[in-house]
Amino acid sequence: MLKILAFLSVIFLVAFLLLIWFLQYENKKDDKKDNLLTLIVMAIIFSLVITMVIALFLFLIIGSTNVIEILFSFDISTNQIIVIAISFLVYWLTVDNILEKVFKFLMGENIYAILSLSLTRVTAFYMIGIMIKLNAMINLSISAGVGTVLLAMDVLYFLKYNKL
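Heads up, the sequence shown is in this note's numbering, so the first residue is -7 and it goes up one at a time.
1) Sorted by chain position, which residues of the same chain lie with C-beta nearer than 7 Å to G139's C-beta, five sequence neighbours on each side aside?
2) Using CA atoms only, rank isn't needed, just tell me which of I53, Y149, I90 and N102 is closest to A136.
3) Would you give the residue range spanned by the alpha helix (DSSP H) that I130 belongs to?
4) Got a sec, what are the start and stop residues for the alpha helix (DSSP H) G55 sits in?
5) Indicate the three-state DSSP secondary structure (helix, strand or coil) for I68 in the structure shown.
6) Report buried or exposed for T43, applying the criterion of at least 16 other Cβ atoms within 10 angstroms of its Cβ.
7) How is the alpha helix (DSSP H) around M99 delimited, first residue to last?
8) Please say whether I103 and F49 have beta carbons closer to each other than 8 Å?
9) Just to confirm the assignment, what range does the alpha helix (DSSP H) spanning K21 have?
10) Between the region 0 to 11 and the region 27 to 45, do three or more beta carbon pairs fall short of 8 Å?
11) Do A77 and L0 have their CB atoms nearer than 8 Å?
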């Protein structure tokens, strides 16, 4: 639990610092200047929103990892699950977005791009599991399970906005 709080605290701090810098920069351009307290309160509120959204995604990944762990009766410590979830989330929010744009550019916005991205995710999650030194069977099950949850989200989003 301490790792989750530390991770979310770092997210909040980075978001706060970036937002306060951005708000001050934009405030200098404006004729009607806001006071520093207003800028700090706005930065805190927006940083909390950003942190809560990232926490939601983190708990989604932790939950799906826990379900897979319980479903297959794996012996994984809570500490390992948290490290796995944070690693998956960092990948999902960084490299995965770049790969998503590449697949959409190469293949267009279709189901094949979504499936290709899903296979790439499972492979990346498996490599993350290797770095964390998970057992091969546990690693494959967790990688495929979390990848399937993300695939389901992508397919539902695709079907909602692209009437097939």
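By construction, the Cβ of each residue, glycine as well, lies at the ideal position given by its N, Cα and C atoms.
Reading off the structure:
1) Locating residue 139 in the sequence shown gives position 147, where the first residue counts as 1. So the qualifying residues of the chain are S110, R113, V114 and F117.
2) Taking the first residue of the sequence shown as position 1, residue 136 is located at position 144. Of the candidates I53, Y149, I90 and N102, the one whose C-alpha sits nearest the C-alpha of A136 is I53.
3) If you number the sequence shown from 1, residue 130 lands on position 138. Note, I130: alpha helix (DSSP H), A128 to Y153.
4) As a working note, residue 55 is residue 63 in the sequence shown. From DSSP, the alpha helix (DSSP H) with G55 extends over L28 to L63.
5) In the sequence shown, counting from the first residue as 1, residue 68 sits at position 76. Of the three classes helix, strand and coil, the one that applies to I68 here is coil, per DSSP.
6) Stepping through the sequence shown from its first residue, residue 43 is reached at position 51. Buried.
7) Along the sequence shown, one-based indexing puts residue 99 at 107. M99 -> alpha helix (DSSP H) spans V87 to M99.
8) Sequence index remark: in the sequence shown, residue 49 carries index 57 (1-based). Sequence index remark: in the sequence shown, residue 103 carries index 111 (1-based). No, they are not a contact pair.
9) Stepping through the sequence shown from its first residue, residue 21 is reached at position 29. L(-6) to K21 is the extent of the alpha helix (DSSP H) around K21.
10) Flag = yes, the region 0 to 11 and the region 27 to 45 touch.
11) As a position in the sequence shown, residue 77 is number 85, starting the count at 1. As a position in the sequence shown, residue 0 is number 8, starting the count at 1. No. Outside cutoff.
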